[in-house]
Ligand SMILES: [Ca+2]
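Numbering (the numbering used here), first residue to last: 61 to 448.
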């Protein structure tokens with residue numbers, strides 16, 4: 061017997077005489093039922109499509125290669141180029157609106173995933189959070205901007221974001237180990253006050269706030285403070301320890317490549333990892349060495365005490381200090397992965413060579429050739445990774 065096929069006589073067979081009018085009516089009813097089924101399938105697929113785009117869109121807003129959302133090792137990308145769902149008019153010339161609504165407001169109007177691309181914003185004093193007009197790193201148009209004003213917190217732009225894949229509205233996944241790569245530019249006049257923290261390492265999820273595992277970015281040498289060893293036990297900061305100190309103070313006005321590697325310790329055991337790579341990439345971000353330069357490496361970090369079993373779940377640009385630094389910083393081309401290191405961002409290349417450039421650059425044995433001036437064009441390959 062075939063699947064779905066009934067044994068025995070067809071319904072009503074031999075019992076009802078079907079007139080031509082009834083036959084036409086039945087044909088019409090079948091056609092209507094077919095259309096209804098077709099429309100129901102389309103509607104369902106449409107909803108799924110919207111949901112999928114929404115979920116991917118909150119984590120992968122970047123045209124950088126590898127940031128399409130198809131690589132399960134990539135957890136978050138943001139190039140600060142696109143507006144959020146609010147689509148507000150820029151607050152002024154050259155001002156972007158990549159995330160323009162405070163998290164509490166966004167959550168009251170549908171959630172941060174659909175309103176502000178998954179960013180839980182803490183907008184202080186109405187400062188805009190991105191700036192556009194060929195000011196991004198590597199020839200990109202826009203970058204995030206934070207304005208620090210001293211005092212408690214410094215009224216700077218603050219935001220955190222959960223890590224892919226999403227597990228519900230505003231929710232993300234958690235990991236024992238992540239690599240975080242971005243570019244950082246302090247503008248002229250920047251003042252370091254030795255109390256600043258740029259990134260906090262926390263569990264899921266965005267908008268939860270607080271300090272759980274620690275933070276990085278203190279002073280011009282970007283020292284790191286694991287919460288348990290530094291805040292609780294007062295053992296001091298993790299400083300650059302590779303004999304090649306890099307001070308942001310000497311690179312004002314230039315883009316600094318920043319990559320940070322955090323691997324949580326076994327709770328209560330000093331076996332956590334912290335690594336940091338820093339390099340000067342010039343005022344436009346177009347020059348860089350053949351491989352990133354390691355500035356700090358620790359394999360005995362006490363991020364968390366016994367009993368603290370939570371994992372890394374957000375990237376939190378809390379940019380907080382008391383007193384905070386004073387000045388303006390630009391942030392661009394964020395990429396977060398669970399395997400690494402990530403390396404420098406890709407460059408525009410011929411289609412036949414559209415490899416993941418960061419890998420090619422990282423493992424190339426040849427000296428890095430200074431890239432040609434490209435007149436402000438986006439340097440990322442457009443051949444391999446379309447914008448989601
Ligand atoms: Ca950018």
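Ideal placement from N, C-alpha and C gives every residue a C-beta, glycine not left out. Please read all numbers here as calculations on a predicted model, not as lab measurements.
Distance between residue j and residue i (C-alpha atoms, nearest Å)
i, j, result
"residue 213", "residue 266", "19 Å"
"residue 104", "residue 290", "Residue confidence for residue 104 is low, a pLDDT of 38 falling below 50, so the modelled location carries little weight; the figure read from the coordinates is stated next. Their Cα atoms are separated by approximately 52 Å."
"residue 224", "residue 190", "23 Å"
"residue 367", "residue 324", "13 Å"
"residue 144", "residue 158", "5 Å"
"residue 333", "residue 357", "7 Å"
"residue 320", "residue 338", "9 Å"
"residue 305", "residue 167", "42 Å"
"residue 196", "residue 202", "5 Å"
"residue 286", "residue 342", "30 Å"
"residue 317", "residue 404", "7 Å"
"residue 173", "residue 261", "21 Å"
"residue 241", "residue 349", "16 Å"
"residue 327", "residue 284", "19 Å"
"residue 238", "residue 375", "10 Å"
"residue 211", "residue 118", "32 Å"
"residue 180", "residue 219", "5 Å"
"residue 282", "residue 250", "14 Å"
"residue 234", "residue 204", "25 Å"
"residue 175", "residue 398", "26 Å"
"residue 268", "residue 312", "32 Å"
"residue 236", "residue 137", "19 Å"
"residue 336", "residue 307", "13 Å"
"residue 142", "residue 347", "25 Å"
"residue 253", "residue 128", "38 Å"
"residue 257", "residue 301", "19 Å"
"residue 309", "residue 330", "32 Å"
Buried or exposed (CB count within 10 angstroms, at least 16 for buried), residue i
i, result
"residue 364", "buried"
"residue 362", "buried"
"residue 169", "exposed"
"residue 247", "exposed"
"residue 164", "exposed"
"residue 492", "Any question about residue 492 goes unanswered here, given that the chain covers just 61 to 448."
"residue 352", "buried"
"residue 130", "exposed"
"residue 360", "exposed"
"residue 293", "exposed"
"residue 315", "buried"
"residue 226", "buried"
"residue 400", "buried"
"residue 162", "buried"
"residue 228", "exposed"
"residue 232", "buried"
"residue 303", "exposed"
"residue 288", "buried"
Contact check, residue i vs residue j, beta carbons under 8 Å
i, j, result
"residue 208", "residue 384", "yes"
"residue 125", "residue 406", "yes"
"residue 156", "residue 221", "no"
"residue 206", "residue 379", "yes"
"residue 140", "residue 392", "yes"
"residue 160", "residue 146", "yes"
"residue 244", "residue 386", "no"
"residue 193", "residue 344", "no"
"residue 370", "residue 263", "yes"
"residue 259", "residue 377", "yes"
"residue 121", "residue 255", "no"
"residue 394", "residue 322", "no"
"residue 274", "residue 230", "no"
Sheet register partners of residue i (DSSP bridge)
i, result
"residue 190", "156, 204"
"residue 209", "386"
"residue 286", "274"
"residue 219", "181, 377"
"residue 339", "317"
"residue 354", "337"
"residue 262", "374"
"residue 256", "381"
Minimum Cβ-Cβ distance from residue i to chain B less than 8 Å
i, result
"residue 233", "Among the chains of the structure shown, chain B does not appear; only one protein chain is present."
Practice item. Kindly confirm or deny that the region 290 to 310 and the region 275 to 282 touch, where touching means at least three C-beta pairs closer than 8 Å. Key: yes
**Study point:** At least three beta-carbon pairs within less than 8 Å, the region 168 to 186 to the region 210 to 224
**Key:** yes
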